[in-house]
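Asks: Mapping to the working numbering: the sequence shown position 97 is 193, numbers consecutive.
By construction, the Cβ of each residue, glycine as well, lies at the ideal position given by its N, Cα and C atoms.
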Amino acid sequence: MVLIWNDLDSVMNHFPLSGTVLSASILVGFTTSLILFCSHFHQVEGDREVGKMSPLVRLGTKKGAEVVKGAIFMLYALLVAFGLIKALPLTCIFLCALTLPMGNLVVRFVEDNYKAIVFSHNKNKIFMAKYFCVRLHALFGVTLALGLVLARKINNKL
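#1: Quick check on the DSSP output: the alpha helix (DSSP H) that includes Asn84 runs from which residue to which?
#2: DSSP state of Lys148, grouped into three classes?
#3: Looking at Leu196: is its Cβ nearer than 8 Å to the Cβ of Tyr172?
#4: Closer than 8 Å by C-beta to Val230: which residues in its own chain qualify, once you throw out the five before and the five after it? Chain order, please.
#5: Please return the same chain residues whose Cβ sits closer than 6 Å to the Cβ of Asn209, not counting the five positions on each side in sequence.
#6: Which same chain residues, not among the five before or five after Ser119, have their C-beta less than 7 Å away from its C-beta?
#7: Does Gly243 come out as helix, strand or coil in the three-state DSSP assignment?
#8: Consult DSSP for Lys182 and reduce its assignment to one of helix, strand or coil.
#9: Roughly how many angstroms separate the alpha carbons of Leu174 and Gly237, rounded to a whole number?
#10: Does Lys158 pass the burial test, meaning 16 or more other C-beta atoms within 10 Å, or should it be called exposed?
#11: Leaving out five residues on either side along the sequence, give the residues of the same chain with a beta carbon under 8 Å from the beta carbon of Ile181.
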C-alpha cells in the first residue's frame with residue numbers, strides 16, 4: 097500500500113482515541129477483569145496447597161465476594177457517570193442498564209455460594225460464577241455496541 101504524503105498527514109492528525117472509545121474500553125475491561133477474578137473462586141484450596149498466592153487466596157473468599165459486588169456496582173456507576181459527562185451516548189446507558197439483572201445474578205450467586213469453598217460442600221457450584229461473568233460480559237458488550245450503533249444512526253438522521 098502506497099501512501100501519498102498528504103494522506104499520511106491526515107492519518108496522523110486524526111488520533112482515534114476519544115472519550116467514547118476510552119469509556120467503552122474501561123467498561124469492557126471491568127467485565128473482563130470480573131471473569132478473570134471469578135475464575136479463581138473454585139481454585140482457592142488448590143492454589144493454597146501449592147503456595148500459589150492468587151487474589152482470592154490473599155483476600156479470602158468472603159472479601160472476594162465483596163470485591164465482586166463492588167466491581168459490579170462500579171461497572172454500573174461508571175456507566176452512568178460516562179453518560180452524564182456525555183462520553184457515552186444515552187442509547188448506551190439505556191441499553192446497558194438492561195443488563196442489570198445479569199449483574200445482580202453474578203453478585204447474588206457469588207454471595208450465596210462462596211461459603212461452599214470454606215465449608216467443603218459442593219465446591220464445584222462456585223465454578224459457575226465465571227460463566228455468569230462471561231454472560232454478563234457478552235450481554236454488556238453487545239448492548240454497549242448496539243447503543244453506539246443506534247446513537248450514530250439516530251445522529252445521522254437528524
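Replies: So, from the listed chains and residues:
#1: The question about residue 84 has no answer, for the chain in this structure spans 97 to 254.
#2: Look at Lys148 here: in three-state DSSP terms it is coil, with no helix or strand label.
#3: A contact, by the Cβ cut-off of 8 Å.
#4: Closer than 8 Å at the Cβ level, and outside the excluded window around Val230, lie Ile131.
#5: Taking C-beta separations shorter than 6 Å and ignoring five residues to either side along the sequence, the partners of Asn209 in its chain run Lys221 and Ile222, following chain order.
#6: The residues are Phe178, Ala183 and Leu184.
#7: Gly243 falls in the helix class under three-state DSSP.
#8: DSSP places Lys182 in the coil class of the three-state scheme, outside both helix and strand.
#9: Near 15 Å, if we compare the C-alpha coordinates of Gly237 and Leu174.
#10: Answer is exposed; the Cβ neighbour count stays below 16.
#11: Within the same chain, Ile181 has close Cβ partners Gly115.
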